[in-house]
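Protein chains: 2
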Amino acid sequence: MLNVLYAGHASRWPKYRAPLLAAFAEAGLNVDLRTEFPPEEVDYIIYSPNSRVQDFTPYTRAKAVLNLWAGVEGIVGNKTLKIPLARMVEDGLTEGMVEWVCAHVLRYHLGIDAHITGQDGTWAPVYPPLARDRRVGILGLGALGAACASALARLNFQVAGWARSEKFIDGVTTFSGAEGLATVLGHSEILVLLLPATPDTENIIDAQALAQMPHGARLINPGRGQLIDDDALLAALEAGRIAHATLDVFRTEPLPPEHPYWHQPNVTVTPHVASETRAESSSRTIAENTRRSEAGEPLLYVVDRVRAY
Amino acid sequence: MLNVLYAGHASRWPKYRAPLLAAFAEAGLNVDLRTEFPPEEVDYIIYSPNSRVQDFTPYTRAKAVLNLWAGVEGIVGNKTLKIPLARMVEDGLTEGMVEWVCAHVLRYHLGIDAHITGQDGTWAPVYPPLARDRRVGILGLGALGAACASALARLNFQVAGWARSEKFIDGVTTFSGAEGLATVLGHSEILVLLLPATPDTENIIDAQALAQMPHGARLINPGRGQLIDDDALLAALEAGRIAHATLDVFRTEPLPPEHPYWHQPNVTVTPHVASETRAESSSRTIAENTRRSEAGEPLLYVVDRVRAY
């Protein structure tokens, strides 16, 4: 019998309980799953960074922390965490992100906002170019970025992708390093940010980066708020150098009502809905990692504490 | 030397002249391409239904009419037309349609309008289902409908398609006949119309068809205005039985400024921009059909005068 502590946010427990139990059973694991245990009796910790558990010291026999979120910046620096930490990678999260990114890239590509907001009886056809003639960039080619890059390439877009390390993705031109970043920024009529939040990526979209993008480019950020220097972006939006931005993530969430992003006419704020972890598929990832740990196999998606993701 | 008459709309001649000449040359054809010939000297007629040519009687030696448009309802009933008529099928038109249809299906799927028009500082996350749990229908599985159905299936949607005759498309559940139509209508949380305008399809979306769709369904029409009984749709929209419609084509175009569709809050009018024939790729289709005709091979995309498409 394994003692598995659900230490995600209490509000999500009703949604996760049954799918987790089903996934553990399917993986052939005999699990006692609870929201409370004496800390020294816990074998595995299912976690999200908004958990009440912030000190891992008392969990003396725990073997791994299994994160429910793709983002780990809220836990990776925790000095009390000495055991392996696994990020969440699961089909539902990836699929939702692909759908959201394709939707907003197509929306910008076709200029759909003008139709939604301009129903004034004026018949003024404008034909956008084909996707084959539209240059899209993606920063970040992890599980989410790579899946989005592939999907956009299948939709015929000219996709350039950038990641810290070299990647190979069918139909996507990939770059790495500082010079590669400048190339992708210069390429991107529409730029999608899917980098993790790390000390290296903080403010990667600053005034200099924005100046390297084509005039009138569009920016889509479903990654992390810390990637953007907000003042620099607001200045570029006000000057029209960046024509429009759709922002799903922010340094402070919920984004405060007085934040200039809400009031900037060429910004669309979405309330961190680009994708969410789905209970069924993420429960399968957690059960699989528990099974691997018990079988002495390497964990999937283990966070590298130096790279911070 | 072949005498080819460009009888498309005069406004498009500057755009088509060079691509047509290039395509004929590439097909190895020696062509004299002009906008004026003595009618009895014309071998082929490049055409669009808004042409000044409406009487084909004087074109005594012409071998075929090669339409620049996918839609032929403006010519197929012309009694003076005795020679083969070919519809336009070309990559650019298909690609543009796939992009437009995917964009609007994704827009409805994710409820993007609420974000575009609701930037009031309220942080109210709502998570849509995944595409794998979203049911989309397509009426019409010709070159455009089949390509859109495939693309939506690749985006993970549950796609059901209907056509007059049986079709097989990877990843798409297909239906035909009257019973099949009811099934697809009942399936479609989002319904896309890509049927040709024929006597059989006129008003196919009438009060009865709308009543068979799920409550709160969305309708997307990039096909032909004649497919919809406008009064029935307006009634369904006002009752909220159809939650929203995006309409690109109309019985009268431009849609008159006083038309109720412009003023209905849950309708988005787009000015027949879903896709357009692209000069380069459509010129290749026309040159290929001319080459086939001269070589005694069967023409591509010949219109069946009985089915009217």
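Line by line, the protein sequences are chains A and B. Sequential numbering of the first sequence, starting at 1132, is according to my numbering. Sequential numbering of the second sequence, starting at 1132, is according to my numbering. Don't be surprised by glycine CBs; every beta carbon is placed ideally from N, CA and C. None of the values given here were measured: they were computed from a predicted structure.
Next on the checklist: For residue 1305/A, which residues in the same chain have their Cβ closer than 6 Å to its Cβ, ignoring the five residues on either side in sequence?
Outcome noted: Position 174 of the first sequence, counted from the start, is the residue given in the question as residue 1305/A. Once the five neighbours on either side are set aside, the close Cβ partners of residue 1305/A are 1292, 1298.
Checklist entry - Using the beta-carbon of each residue, which ones in chain B are nearer than 8 Å to residue 1226/A? => result Residue numbering aside, residue 1226/A sits at position 95 when the first sequence is read from its first letter. Listed along the chain, the chain B residues whose CB falls inside 8 Å of the CB of residue 1226/A are 1261, 1262, 1263, 1287.
Item to check | Bounding residues of the beta strand (DSSP E) (the contiguous stretch that carries residue 1398/B) | outcome: Translated into positions along the second sequence, residue 1398/B becomes position 267. Unbroken beta strand (DSSP E) run through residue 1398/B: 1398 to 1400.
Next on the checklist: I need the boundaries of the beta strand (DSSP E) containing residue 1278/A, first residue and last residue.
Outcome noted: As a first step, residue 1278/A is located in the first sequence; it is residue number 147 there, counting from the start. Careful: residue 1278/A lies outside any beta strand (DSSP E), inside the alpha helix (DSSP H) at 1274 to 1285.
Next on the checklist: For residue 1440/A, tell me which candidate among 1165/A, 1200/A, 1193/A has the shortest Cα-Cα distance.
Outcome noted: The residue you call residue 1440/A lines up with position 309 of the first sequence. Taking only the C-alpha atoms, the option nearest residue 1440/A is 1200/A.
Checklist entry - What's the C-alpha gap between residue 1313/B and residue 1321/A? => result The count along the second sequence starts at 1 and reaches residue 1313/B at position 182. The count along the first sequence starts at 1 and reaches residue 1321/A at position 190. Their Cα atoms are separated by approximately 40 Å.
Checklist entry - Skipping 5 residues on each side, what residues in its chain have a beta carbon closer than 6 Å to that of residue 1290/B? => result On the second sequence, residue 1290/B is found 159 positions in, with the first residue counted as 1. Excluding sequence positions up to five before and after residue 1290/B, its CB lies within less than 6 Å of the CB of 1267, 1280, 1283, 1284, 1303, all in the same chain and listed in chain order.
Checklist entry - Taking the continuous alpha helix (DSSP H) assigned at residue 1247/A, which residues delimit it? => result Here residue 1247/A refers to the residue found at position 116 of the first sequence. First-last of the alpha helix (DSSP H) with residue 1247/A: 1243 to 1248.
Item to check | Of the listed residues 1377/A, 1333/A, 1369/A, nearest to residue 1360/A (C-alpha basis) | outcome: Locating residue 1360/A in the first sequence gives position 229, where the first residue counts as 1. Residue 1333/A holds the alpha-carbon nearest to the alpha-carbon of residue 1360/A among 1377/A, 1333/A, 1369/A.
Next on the checklist: Once DSSP output is grouped into helix, strand and coil, what is the label at residue 1229/A?
Outcome noted: Counting from 1 along the first sequence, the entry for residue 1229/A is found at position 98. In the structure shown, residue 1229/A sits in a helix (DSSP, three-state: H, G or I).
Checklist entry - With a CB to CB cut of under 8 Å and the five nearest residues on each side skipped, what residues in its chain are close to residue 1231/A? => result As a first step, residue 1231/A must be located in the first sequence, where it is residue number 100. 1353, 1379, 1404, 1405, 1406.
Item to check | Positions along the region 1180 to 1212 of chain B whose CB lies within less than 9 Å of some CB in chain A | outcome: So nothing in the stretch comes that close.
Item to check | Under 7 Å from the C-beta of residue 1237/A: neighbouring residues of chain B | outcome: Locating residue 1237/A in the first sequence gives position 106, counting from the first residue. Within 7 Å Cβ-Cβ: 1230, 1233, 1234, 1237.
Next on the checklist: By DSSP's criteria, residue 1306/B is part of a beta bridge. Which residues make up the other side?
Outcome noted: Sequence index remark: in the second sequence, residue 1306/B carries index 175 (1-based). BP columns for residue 1306/B point to 1293/B.
Next on the checklist: Please classify residue 1142/B as buried or exposed, where buried requires at least 16 neighbouring CB atoms within 10 angstroms.
Outcome noted: For the purposes of this step, residue 1142/B is taken as residue 11 along the second sequence, with counting starting at 1. When all chains shown are included, residue 1142/B counts as exposed.
Next on the checklist: Is there a C-beta anywhere in chain A that falls below 8 Å from the one on residue 1241/B?
Outcome noted: In the second sequence, counting from the first residue as 1, residue 1241/B sits at position 110. For residue 1241/B, the answer is yes, since a Cβ of chain A falls inside 8 Å of its Cβ.
Checklist entry - Roughly how many angstroms lie between the CA atoms of residue 1410/B and residue 1418/B, to the nearest whole one? => result The residue you call residue 1410/B lines up with position 279 of the second sequence. The residue you call residue 1418/B lines up with position 287 of the second sequence. The straight-line gap from Cα to Cα measures roughly 12 Å.
Checklist entry - Looking at residue 1227/B and residue 1261/A, is the spacing between their C-beta atoms short of 8 Å? => result Here residue 1261/A refers to the residue found at position 130 of the first sequence. Here residue 1227/B refers to the residue found at position 96 of the second sequence. Yes, the pair counts as a contact, with Cβ atoms nearer than the cut-off.
Checklist entry - Using 8 Å as the limit for Cβ to Cβ distance, is residue 1376/A near chain B? => result If you number the first sequence from 1, residue 1376/A lands on position 245. Proximity of residue 1376/A to chain B, defined by a Cβ-Cβ separation below 8 Å, is not satisfied.
Checklist entry - For chain B, is any of its Cβ atoms less than 8 Å away from the one on residue 1258/A? => result Within the first sequence, residue 1258/A is the residue found at index 127, counting from 1. For residue 1258/A, the answer is yes, since a Cβ of chain B falls inside 8 Å of its Cβ.
Checklist entry - With a CB to CB cut of under 6 Å and the five nearest residues on each side skipped, what residues in its chain are close to residue 1171/A? => result Taking the first sequence and counting its residues from 1, the one referred to as residue 1171/A is at position 40. Same-chain partners within the cutoff: 1191.
Checklist entry - Within 10 angstroms of its Cβ, does residue 1258/A collect 16 or more other Cβ (buried), or is it exposed? => result As a first step, residue 1258/A is located in the first sequence; it is residue number 127 there, counting from the start. Exposed, since its Cβ has fewer than 16 Cβ neighbours within 10 Å.
Next on the checklist: With a threshold of 8 Å between beta carbons, is residue 1248/B in contact with chain A?
Outcome noted: On the second sequence, position 117 is the one that residue 1248/B refers to. Yes - at least one Cβ of chain A is within 8 Å of the one on residue 1248/B.
Item to check | Short Cβ contact (8 Å threshold) for residue 1197/B with residue 1214/B | outcome: Residue numbering aside, residue 1197/B sits at position 66 when the second sequence is read from its first letter. Residue numbering aside, residue 1214/B sits at position 83 when the second sequence is read from its first letter. In this structure, residue 1214/B does not lie closer than 8 Å to residue 1197/B by Cβ.
Next on the checklist: Just to confirm the assignment, what range does the beta strand (DSSP E) spanning residue 1165/B have?
Outcome noted: As a first step, residue 1165/B is located in the second sequence; it is residue number 34 there, counting from the start. 1162 to 1165 is the span of the beta strand (DSSP E), which, as asked, contains residue 1165/B.
Checklist entry - Is DSSP giving residue 1340/A helix, strand or coil here? => result The residue given as residue 1340/A occupies position 209 in the first sequence. Helix, per DSSP.
Item to check | Complete runs of the beta strand (DSSP E) confined to the region 1138 to 1177 of chain A [at least 3 residues] | outcome: 1162 to 1165
Checklist entry - Comparing alpha-carbon positions, which option in 1363/B, 1310/B, 1396/B, 1221/B lies nearest residue 1431/B? => result Within the second sequence, the letter at position 300 stands for residue 1431/B. Checked all of 1363/B, 1310/B, 1396/B, 1221/B; the closest Cα to residue 1431/B is 1221/B.
Next on the checklist: At a CB distance below 7 Å, what residues from the region 1387 to 1407 of chain A approach chain B? Give them in sequence order.
Outcome noted: So the list reads 1388, 1393, 1399, 1400, 1401, 1402, 1403, 1404, 1407, given in the order they occur along the chain.
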